[in-house]
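In mature numbering (1 follows the signal peptide of the UniProt record, and there is no 0), the protein residues as written are -17 to -1, 1 to 286. One structure is given here, and the rest of the page talks about it.
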């Protein structure tokens, strides 16, 4: 009887997990009213930019995490927008991944710049998964180079010392296709491995200027971000959100509040009556079980 109950409990746990829109094999998409209520172009204290994974419909698996972050930040104090890009996998053609990623980096930088100019007091948060994680890191540190069997057009880094870069208070990436091993901002046992390609020294140097706000999640066995780690597991690439959402929400809220406190303190220093040397500075410091057994070979190509 105990064994039967344990088995039933396990089945129930798996079923509940698959009902999550950010599960490895979801039965629903992350486009619910609860999530989309936060999609806005309005100026709010915190604004999240989402860079979804390959072939995901907007807003992708990241939608659930975004909703949780916004709720934790006070609901009406937070909004999000999708980075507008194709998010095409290699299944669409040899060159399509690179074209897609390059478009994502360019669109992301342009969108962040436009929003920061419209809403200069807003703090920015950047989230990316899979191809979208590579795009997010390209936005910050610059991107471009050989990936899979194509050549991605080079894009410059986003300057960290001026807006919109200086407005970024948290940047979280999961299973980045393009990443470098042994970075201090990497979290997970995939840290000793490169992605499908490593970033260039110049890209890493620029990306490290965001190391105080960047968290790069990579699992051992993830065939995208930890190439060479064995055994490979597609599950390792798709279960980031089921495993880490709670801790990520906590970290993002912590970083966002710290940045707000720092900004408030700086504003007090530069307010009327302060004539010290700091007065001239402004520093912002969805199919259930069958889908779960999709072959690793197929996803290995299409993610």
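We treat Cβ as the ideally placed atom computed from N, Cα and C, and that holds for glycine. Here the structure is a predicted model, which is why all the values come from computation and not from measurement.
Please state the DSSP three-state secondary structure of residue i.
i: residue 193; result: helix
i: residue 200; result: strand
i: residue 134; result: strand
i: residue 90; result: helix
i: residue 186; result: helix
i: residue 224; result: helix
i: residue 43; result: coil
i: residue 145; result: coil
i: residue 29; result: strand
i: residue 59; result: coil
i: residue -8; result: Only weak support is given to the placement of residue -8: the predicted model assigns it a pLDDT of 36, under 50, and the question is left unresolved by the model.
i: residue 215; result: coil
i: residue 264; result: Low per-residue confidence applies at residue 264: pLDDT is 35, beneath 50, and the placement is therefore not dependable enough to give any value.
i: residue 230; result: helix
i: residue 64; result: strand
i: residue 70; result: coil
i: residue 209; result: coil
i: residue 3; result: coil
i: residue 246; result: helix
i: residue 76; result: coil
i: residue 256; result: Here the model assigns residue 256 a pLDDT of 48, short of 50, so the residue's position is not dependable and the matter cannot be decided.
i: residue 11; result: coil
i: residue 37; result: coil
i: residue 49; result: helix
i: residue 24; result: coil
i: residue 97; result: helix
i: residue 104; result: coil
Pop quiz: residue i and residue j are said to be a contact at Cβ under 8 Å. What is the actual Cβ separation, rounded to whole angstroms?
i: residue 135; j: residue 127; result: 5 Å
i: residue 118; j: residue 87; result: 4 Å
i: residue 40; j: residue 68; result: At roughly 13 Å, the Cβ-Cβ gap does not stay under 8 Å, so residue 40 and residue 68 are not in contact.
i: residue 110; j: residue 155; result: 5 Å
i: residue 160; j: residue 207; result: 5 Å
i: residue 56; j: residue 224; result: Wrong, their Cβ atoms sit about 18 Å apart, outside the cutoff.
i: residue 98; j: residue 43; result: With 8 Å as the limit, residue 98 and residue 43 do not qualify as a contact, their Cβ atoms being about 19 Å apart.
Among the candidates the options, whose CA atom is the shortest distance from the CA of residue i?
i: residue 75; options: 121, 227, 37; result: 37
i: residue 95; options: 146, 39, 209; result: 146
i: residue 50; options: 91, 21, 59; result: 21
i: residue 221; options: 122, 26, 35; result: 35
i: residue 183; options: 99, 112, 164; result: 164
i: residue 93; options: 23, 140, 181, 180; result: 140
i: residue 84; options: 14, 137, 55; result: 137
i: residue 54; options: 81, 18, 213; result: 18
i: residue 243; options: 151, 58, 8, 24; result: 151
i: residue 46; options: 71, 25, 6, 73; result: 6
i: residue 167; options: 143, 179, 194, 153; result: 194
i: residue 114; options: 60, 52, 179, 149; result: 179
i: residue 236; options: 58, 223, 73, 24; result: 58
i: residue 101; options: 209, 218, 225, 25; result: 25
i: residue 132; options: 79, 142, 91, 56; result: 79
i: residue 239; options: 149, 218, 224; result: 149
i: residue 217; options: 3, 203, 228; result: 203
i: residue 72; options: 81, 66, 64; result: 81
i: residue 120; options: 143, 99, 98, 162; result: 162
i: residue 291; options: 99, 61, 112, 122; result: In this structure the chain extends from -17 to 286, so residue 291 is not present and cannot be described.
i: residue 241; options: 211, 153, 62; result: 153
i: residue 23; options: 70, 66, 4, 144; result: 66
i: residue 70; options: 116, 142, 62; result: 116
i: residue 209; options: 245, 181, 246; result: 181
In the DSSP output, which residue or residues are listed as bridge partners for residue i?
i: residue 161; result: 180
i: residue 18; result: Answer is none; residue 18 lacks a bridge partner.
i: residue 109; result: 32, 154
i: residue 170; result: 200
i: residue 126; result: 138
Using a beta-carbon distance below 7 Å, is residue i in contact with chain C?
i: residue 16; result: As a matter of chain content, chain C is missing from the structure shown, which is built from one protein chain.
On the three-pair Cβ rule with 8 Å, is the stretch 169 to 179 touching the stretch 192 to 211? Touching, per the Cβ criterion.
Three or more beta-carbon pairs under 8 Å between the stretch 24 to 41 and the stretch 94 to 111, yes or no? Per the Cβ contact rule, the stretch 24 to 41 is in contact with the stretch 94 to 111 (3 or more Cβ pairs under 8 Å).
Do the stretch 227 to 247 and the stretch 187 to 194 meet, that is, are 3 or more Cβ pairs less than 8 Å apart? Per the Cβ contact rule, the stretch 227 to 247 is not in contact with the stretch 187 to 194 (fewer than 3 Cβ pairs under 8 Å).
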